[in-house]
Amino acid sequence: SGTHCLLEASRIYNKLRKFIHISTDEVYGEWPAGSCHETAVLNPTNPYAATKAAAEFLVKSYGESFKLPYVITRGNNVYGPYQFPEKVIPRFITTIMANEKMTIHGDGKQVRNFIYVTDTVRAVDRIIHKGKPKMIYNIGSKDEIKIIEIAEILLKLMKPDTKLEDSIVYVKDRYFNDCRYSVMTDALESLGWKQEVKFDDGIRMTIKWYQEHPIHWQNDENYNI
């Protein structure tokens, strides 16, 4: 309903230069090999992804019916400062800081591409200023990594003398947890964008931020580990 409210407000205002709809790479569904082009058939496999795909079609319908100048983005997993700790990277960081064990769903071999927040912001800014109406742009990174590898990397950076097997606990996997997502970014790169922050650098900056700003997550009920 939030997307519909924004679309209706934009239709009534009728002076919008560009409606930017932020979607997700999950609308493509699981992608075992290679990377998804923006023209790939959508195949969402969980309720969250299905609602995001439905929202995209609603945006497109306003474009056709009311000539709304929309642009859709489909992004990888974003990480960086200020992210709520229920997301995997800050959750692992804050769990290590609390001397607790990281929770791994399933075998932890699910593969994701992670993109630093400033790269995502620059991508959206580039799309706002140079993106073409009725276009879809993937926003992604080259940093493909398994969830279990993230736990290992964080542990080496934060507690190098601690063994991984002593710092994780495996739990039953989620009902819908696709093994891999990956997107092509040629369309976005044609606008002059490129990834600037590599995972090795971004993860260090993220760790540093959480270590230096506990007030933003430690005592807030929305930031429980």
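Going by the numbering used here, the residue at position 53 of the sequence shown is 56; the numbering climbs one at a time, nothing skipped.
No residue lacks a Cβ here, since even glycine has one placed at the ideal position from N, Cα and C.
Please report the straight-line C-alpha distance between Thr76 and Asp189, rounded to a whole angstrom.
Their backbone Cα atoms lie some 13 Å apart in a straight line.
Would you mind stating whether Met187 and His40 have Cβ atoms separated by less than 9 Å?
Yes, the pair counts as a contact, with Cβ atoms nearer than the cut-off.
Using DSSP bridges, identify the partner residues of Ser26.
Arg77, per the DSSP bridge assignment.
Once DSSP output is grouped into helix, strand and coil, what is the label at Glu41?
Of the three classes helix, strand and coil, the one that applies to Glu41 here is coil, per DSSP.
Less than 9 Å separating the beta-carbons of Tyr171 and Gly111?
In the sequence as displayed, the identity of residue 171 is Ile instead of Tyr. Yes. Within cutoff.
Check whether the Cβ of Glu215 lies closer than 8 Å to any heavy atom of the ligand ADP, and answer yes or no.
Summarising the ligand content, the structure contains no ligands, and the ligand ADP is consequently not present.
Using only alpha-carbon positions, find the residue among Asn80, Ile107, Met100 that is nearest to Gly205.
The shortest Cα separation from Gly205 among Asn80, Ile107, Met100 belongs to Asn80.
To the nearest angstrom, how far is it from the Cα of Lys201 to the Cα of Glu103?
If I take the Cα positions, the gap works out to 28 Å.
Under 8 Å by Cβ, that's how I've got Lys149 and Val114 pegged, so tell me the actual separation to the nearest angstrom.
Sure, about 6 Å apart at Cβ, within 8 Å.
Give me the Cα-Cα distance between Tyr16 and Lys63, rounded to the nearest whole angstrom.
If I take the Cα positions, the gap works out to 18 Å.
Apply the 10 Å Cβ neighbour rule to Leu158 and answer buried if 16 or more other Cβ atoms are within range, or exposed otherwise.
So Leu158 ends up on the buried side.
For Lys145, which residues of its own chain have a beta-carbon under 7 Å away from its beta-carbon, when the five flanking residues on both sides are left out?
Result list for Lys145: Gln198, in chain order.
Please give the ranges of any alpha helix (DSSP H) in the region 105-156, keeping only runs that are unbroken, at least 4 residues long and fully inside the region.
Counting whole runs of 4 or more residues, the region 105-156 contains the alpha helix (DSSP H) stretches 120-133.
With Ile218 as the anchor, note down where its alpha helix (DSSP H) starts and where it stops.
Where Ile218 is concerned, there is no enclosing alpha helix (DSSP H), given that its DSSP letter is neither H nor E.
If I'm right that Trp34 touches Arg177 with Cβ under 8 Å, what's the distance once you round it to whole angstroms?
Incorrect: roughly 18 Å between the Cβ atoms, too far for contact.
Roughly how many whole angstroms lie between the Cα atoms of Leu191 and Lys135?
For Leu191 and Lys135, the distance between alpha carbons rounds to 11 Å.
Taking the alpha-carbon positions, what's the Lys70 to His219 distance?
Their backbone Cα atoms lie some 42 Å apart in a straight line.
Just to confirm the assignment, what range does the beta strand (DSSP E) spanning Val174 have?
Taken as a continuous stretch (DSSP letters only), the beta strand (DSSP E) holding Val174 covers 171-174.
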